[in-house]
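Colleague: Taken in order, these protein sequences are the chains called A and B. Per this note's numbering, the very first residue in the first sequence carries number 13; after that it's consecutive. Per this note's numbering, the very first residue in the second sequence carries number 13; after that it's consecutive. Please read through the structure below; I'll follow up with questions.
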Amino acid sequence: MTGSPLIEVEDLRIDLNHGSSRVAAVEGVSFRIDRGETFGLVGESGCGKSITALALIGLLRPPLSISGGTIRFDGREIQSLSAARQRALRGNRIAMIFQEPMTALNPVSPVGRQIAEMFVLHKGKSWREADQLAVEALASVRVPAPERRVKDYPHQLSGGMRQRVMIAIALACGPDLLIADEPTTALDVTVQAEIIELMRNLCAERGTAVLMISHDLGLVANVCRRVAVMYAGRIVEERGSADIFRAPSHPYTQGLVNSLPRLGSRAALGRTRLTEIAGVVPAITDFPAGCRFNPRCAHATEICRTAAPETTWLGAGGLVRCHHHA
Amino acid sequence: MKLRANLIIGGALFALAIVVGLLAPWLAHTDPVLDANLMNAEEAPSWTWWFGTDAQGRDIYSRVVYGARISLTVGIVSQLINSVIGVGLGLSAGYWGGWWDDFVNGLTNLMLAIPSLIFALAIMAVLGPGLTSLLIALGLTNWSFTCRLARASALSLRSQGYVQAARVLGYGDLRIMITQLLPNMLGPIIVIGTLGMGSAVLSEAALSFLGLGVRPPFPSWGSMLSEAREQITTAPWLSVFPGLAIFLTVLGLNLLGDGLRDILDPQSRSRRI
Ligand SMILES: Nc1ncnc2c1ncn2[C@@H]1O[C@H](COP(=O)(O)OP(=O)(O)OP(=O)(O)O)[C@@H](O)[C@H]1O
Ligand SMILES: [Mg+2]
Numbered sequence: 013m014t015g016s017p018l019i020e021v022e023d024l025r026i027d028l029n030h031g032s033s034r035v036a037a038v039e040g041v042s043f044r045i046d047r048g049e050t051f052g053l054v055g056e057s058g059c060g061k062s063i064t065a066l067a068l069i070g071l072l073r074p075p076l077s078i079s080g081g082t083i084r085f086d087g088r089e090i091q092s093l094s095a096a097r098q099r100a101l102r103g104n105r106i107a108m109i110f111q112e113p114m115t116a117l118n119p120v121s122p123v124g125r126q127i128a129e130m131f132v133l134h135k136g137k138s139w140r141e142a143d144q145l146a147v148e149a150l151a152s153v154r155v156p157a158p159e160r161r162v163k164d165y166p167h168q169l170s171g172g173m174r175q176r177v178m179i180a181i182a183l184a185c186g187p188d189l190l191i192a193d194e195p196t197t198a199l200d201v202t203v204q205a206e207i208i209e210l211m212r213n214l215c216a217e218r219g220t221a222v223l224m225i226s227h228d229l230g231l232v233a234n235v236c237r238r239v240a241v242m243y244a245g246r247i248v249e250e251r252g253s254a255d256i257f258r259a260p261s262h263p264y265t266q267g268l269v270n271s272l273p274r275l276g277s278r279a280a281l282g283r284t285r286l287t288e289i290a291g292v293v294p295a296i297t298d299f300p301a302g303c304r305f306n307p308r309c310a311h312a313t314e315i316c317r318t319a320a321p322e323t324t325w326l327g328a329g330g331l332v333r334c335h336h337h338a
Numbered sequence: 013m014k015l016r017a018n019l020i021i022g023g024a025l026f027a028l029a030i031v032v033g034l035l036a037p038w039l040a041h042t043d044p045v046l047d048a049n050l051m052n053a054e055e056a057p058s059w060t061w062w063f064g065t066d067a068q069g070r071d072i073y074s075r076v077v078y079g080a081r082i083s084l085t086v087g088i089v090s091q092l093i094n095s096v097i098g099v100g101l102g103l104s105a106g107y108w109g110g111w112w113d114d115f116v117n118g119l120t121n122l123m124l125a126i127p128s129l130i131f132a133l134a135i136m137a138v139l140g141p142g143l144t145s146l147l148i149a150l151g152l153t154n155w156s157f158t159c160r161l162a163r164a165s166a167l168s169l170r171s172q173g174y175v176q177a178a179r180v181l182g183y184g185d186l187r188i189m190i191t192q193l194l195p196n197m198l199g200p201i202i203v204i205g206t207l208g209m210g211s212a213v214l215s216e217a218a219l220s221f222l223g224l225g226v227r228p229p230f231p232s233w234g235s236m237l238s239e240a241r242e243q244i245t246t247a248p249w250l251s252v253f254p255g256l257a258i259f260l261t262v263l264g265l266n267l268l269g270d271g272l273r274d275i276l277d278p279q280s281r282s283r284r285i
């Protein structure tokens, strides 16, 4: 079925339960990612990006739980699958790489072994075949001398090399979707660029869709075709990457764009001063009523403090949730 | 390098005991059970009878050599059973938590509240004397420290990035426990196991001394001590040599355990670097 999305999230709500009280950490989140598409999720720390990703792979654990909405992967609703079927998807059809390449590898196991394990686990290969495939997988992420490197332990590798190994593990089984949760935050800038480039090329070659999560709008817009901006558990704007830079519509997105250092266009316009968004992200337990951005918003009026804004459709499949959007 | 000395001396003593046990048929001068000869009863140690002979004229040296087989078998096998039980319960309890953790905790506290030798005695009383009963009795009563250690390690390891990553990659619980948690807690488990082996050798001696261990005439160090009790003043060599064997083996295991702790425990390793 062409045209059916790979993953479709509809009206997702994630609750944080303590005792008898429940607060919505994520609410009304909807988005879809097509096959082979690159999609970005951007937002400040604590806005709910990681828990949304965990919900997609069925790994939310108490005190967090999905309390509403649906997640369909390849046409099937994830929540309705048995635990074993969900597990068979993870690492096989949906893979994920993490924030922390330093700690995401098992320190007492050679990296080749950890790659090979994926083929044994999901593809039913023998260890002999799997070890061979691990060498190829390591070569595909451009690790030099892979047949020697497979025997190395994680502590023998640099941060960048470890993240390459993580990518090799994640892409080992040829997943349809790769979730990259801040994959380069812990790396220095030059290595960051290499890793992002590598990930982008590999996924493009193989037709793997990417959900890229970051607080760095510039990075995400660079890599992804479409970007959703999240604020305090809600998606406030979703646009094509170019549009979001050219004409950000939600005041929060405008704030994000204006806080990015950029060469060229803006400097040429004489707007060289970087601005920041005043105030802090509200804590999950006291999200304001109405639009959650209203206490920090320069355009806020009475309605913003009482009613949550509806979705407004913009051109080219974009959307924004703001009473006074640009 | 005092730390290395532990390891080397302990390892050498333990290795010696194992070699003696393995090569017993070649090292022994006589058959430890059948070669009784009242003509040479209660001979003192000499060039012919290195460790002397007992009231039935059996060669003590040969009996000590063969005794290594039983003492070490009991020490190693019963401690292996303890380690498997302790790691199995502790690891799963720490990883899963919940009611299973409460249950395992309760069981561990119960085990700690009863002195393990008394518990082993009770089991032996039910099963009757013999090697198999010894292995069962000592194997079931000494796992609480291993269990506690495994549980504590699992608790701290389960929030490690690589354990989370394994879950995300579709590993099942069992696979996570075996490939991610177990190898990362193995060092301290081995240390506790080595020390436990020493105490199992002692417990075997104690139970055999009380007449609940291996049945005579087969020699274990404990049963030899037990038989030697009445002649301790007239023929002290009957108790000295098996006693020395127990002492050196247990000392060796304790030194080995300490030495291993120093090289396997990551905390002490980083302290030294
Ligand atoms: N296990 C948990 N228990 C309680 N609260 C949690 C838990 N995990 C996340 N939260 C809360 O849920 C909210 C969203 O967390 P999440 O990790 O998704 O943020 P994030 O957008 O990924 O932030 P970051 O950029 O820092 O990774 C936060 O307020 C966080 O405090
Ligand atoms: Mg996060």
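Using N, Cα and C, we set each Cβ at its ideal position, and we do this for glycine too. Note that the structure is predicted; figures quoted are calculated from it, not measured.
Going by the CB atoms, is the gap between residue 193 of chain A and residue 98 of chain A shorter than 8 angstroms?
Modeller: Taking 8 angstroms as the Cβ cut-off, residue 98 of chain A and residue 193 of chain A do not qualify as a contacting pair.
Colleague: Could you pull out every residue in the same chain whose Cβ sits closer than 6 angstroms to the Cβ of residue 57 of chain B, ignoring the five residues on either side in sequence?
Modeller: Around residue 57 of chain B: 63, 64 and 249.
Colleague: Would residue 153 of chain A count as contacting chain B if we go by Cβ distances under 8 angstroms?
Modeller: Chain B, which has no Cβ nearer than 8 angstroms to the Cβ of residue 153 of chain A, makes this no.
Colleague: Is residue 154 of chain B close to chain A? Criterion is C-beta to C-beta, closer than 8 angstroms.
Modeller: Answer no: the Cβ-Cβ gap between residue 154 of chain B and chain A never drops below 8 angstroms.
Colleague: Once the 5 residues before and after residue 17 of chain A are set aside, which same chain residues still bring their CB inside 7 angstroms of it?
Modeller: Cβ neighbours of residue 17 of chain A beyond the five flanking positions: 44, 45 and 46.
Colleague: So for residue 289 of chain A, helix, strand or coil by DSSP?
Modeller: The answer is coil: DSSP assigns residue 289 of chain A none of H, G, I, E or B.
Colleague: Examine chain B for any beta-carbon lying closer than 8 angstroms to the beta-carbon of residue 121 of chain A, and answer yes or no.
Modeller: So yes, residue 121 of chain A belongs to the interface.
Colleague: Can you pull the chain B neighbours of residue 134 of chain A, defined as C-beta to C-beta under 8 angstroms?
Modeller: Simply 182.
Colleague: For residue 284 of chain B and residue 275 of chain B, I'd like the C-alpha separation in whole angstroms.
Modeller: Note that residue 284 of chain B has pLDDT 40, beneath the 50 cutoff, so the model's placement of it is unreliable and no number is given.
Colleague: Kindly indicate if chain A contains any beta-carbon less than 8 angstroms away from that of residue 117 of chain B.
Modeller: Closer than 8 angstroms: no.
Colleague: Can the beta-carbon of residue 180 of chain B be found less than 8 angstroms from the beta-carbon of residue 71 of chain A?
Modeller: Against a cut-off of 8 angstroms, the Cβ pair of residue 71 of chain A and residue 180 of chain B comes out as a contact.
Colleague: Can you tell me whether DSSP reads residue 239 of chain B as helix, strand or coil?
Modeller: Helix at residue 239 of chain B.
Colleague: Going by the beta-carbon positions, is the gap between residue 232 of chain A and residue 239 of chain A smaller than 8 angstroms?
Modeller: Cβ atoms of residue 232 of chain A and residue 239 of chain A: closer than 8 angstroms.
Colleague: Any heavy atom of ligand 2 inside 7 angstroms of the beta-carbon of residue 193 of chain A?
Modeller: Residue 193 of chain A: yes, Cβ under 7 angstroms from ligand 2.
Colleague: Would you report the Cα separation of residue 231 of chain B and residue 217 of chain B, rounded to the nearest angstrom?
Modeller: Approximately 11 angstroms, taken between the alpha carbons.
Colleague: Give me the DSSP bridge partner(s) of residue 102 of chain A.
Modeller: The partner list for residue 102 of chain A (beta bridge, DSSP) reads A:106.
Colleague: Is the Cβ of residue 108 of chain A closer than 8 angstroms to any Cβ of chain B?
Modeller: Closer than 8 angstroms to some Cβ of chain B, the Cβ of residue 108 of chain A qualifies, so yes.
Colleague: Can you tell which of A:21, A:38 and A:300 has its C-alpha closest to the C-alpha of residue 77 of chain A?
Modeller: Taking only the C-alpha atoms, the option nearest residue 77 of chain A is A:38.
Colleague: Does the beta carbon of residue 115 of chain A come closer than 8 angstroms to any beta carbon on chain B?
Modeller: Closer than 8 angstroms: yes.
Colleague: For the alpha helix (DSSP H) containing residue 25 of chain A, name the first residue and the last one.
Modeller: No alpha helix (DSSP H) holds residue 25 of chain A; the beta strand (DSSP E) holding it covers 19-30.
Colleague: State yes or no: is the beta carbon of residue 20 of chain A nearer than 8 angstroms to at least one beta carbon in chain B?
Modeller: Not one chain B Cβ lies under 8 angstroms of residue 20 of chain A.
Colleague: Taking a Cβ distance cut-off of 7 angstroms, strictly less, list which residues of the segment 163-175 of chain B are near chain A, in chain order.
Modeller: Residues 172, 173 and 174.
Colleague: Using only the alpha-carbon positions, how far apart do residue 204 of chain A and residue 22 of chain B sit?
Modeller: Computed Cα separation, rounded: 50 angstroms.
Colleague: How long is the line joining the alpha carbons of residue 186 of chain B and residue 159 of chain B, rounded to whole angstroms?
Modeller: Taking the straight line from one Cα to the other gives about 17 angstroms.
Colleague: Between residue 104 of chain B and ligand 3, is there a pair consisting of the residue's CB and a ligand heavy atom that are separated by less than 7 angstroms?
Modeller: What this structure holds is ligand 1 and ligand 2, not ligand 3.
Colleague: Going by alpha carbons, who is nearest to residue 56 of chain A out of A:208, A:226, A:299 and A:105?
Modeller: Of the candidates A:208, A:226, A:299 and A:105, the one whose C-alpha sits nearest the C-alpha of residue 56 of chain A is A:226.
Colleague: So, are the CB atoms of residue 208 of chain A and residue 235 of chain A less than 8 angstroms apart?
Modeller: Taking 8 angstroms as the Cβ cut-off, residue 208 of chain A and residue 235 of chain A qualify as a contacting pair.
Colleague: Return the residues of the segment 22-42 of chain A that lie within a Cβ-Cβ distance of less than 9 angstroms from chain B, sorted by chain order.
Modeller: Of all residues in the segment 22-42 of chain A, none has a Cβ within less than 9 angstroms of some Cβ in chain B.
Colleague: Can you tell me the Cβ-Cβ gap for residue 114 of chain A and residue 171 of chain A, rounded? I've got them flagged as a contact below 8 angstroms.
Modeller: Sure, about 6 angstroms apart at Cβ, within 8 angstroms.
Colleague: Examine ligand 1 and report whether any of its heavy atoms sits within less than 7 angstroms of the Cβ of residue 61 of chain A.
Modeller: Within the cutoff, so yes.
Colleague: Does any CB atom of chain B fall closer than 8 angstroms to the CB of residue 103 of chain A?
Modeller: Interface residue, yes.
Colleague: Less than 8 angstroms separating the beta-carbons of residue 339 of chain A and residue 256 of chain A?
Modeller: Residue 339 of chain A cannot be examined here, being either before or after the span of chain A that is shown, 13 to 338.
Colleague: Return yes when the C-beta of residue 101 of chain B is under 7 angstroms from any heavy atom of ligand 1, and no when it is not.
Modeller: No, the Cβ of residue 101 of chain B stays beyond 7 angstroms of every heavy atom of ligand 1.
Colleague: According to DSSP, simplified to helix, strand and coil, what is residue 194 of chain A?
Modeller: Reduced to three states, the DSSP call for residue 194 of chain A is coil.
Colleague: For chain A, is any of its Cβ atoms less than 8 angstroms away from the one on residue 105 of chain B?
Modeller: By this cut-off, residue 105 of chain B is not an interface position.
Colleague: Quick check: residue 245 of chain A and residue 60 of chain A, are their CB atoms within less than 8 angstroms of each other?
Modeller: Yes, Cβ-Cβ distance for residue 245 of chain A and residue 60 of chain A is below 8 angstroms.
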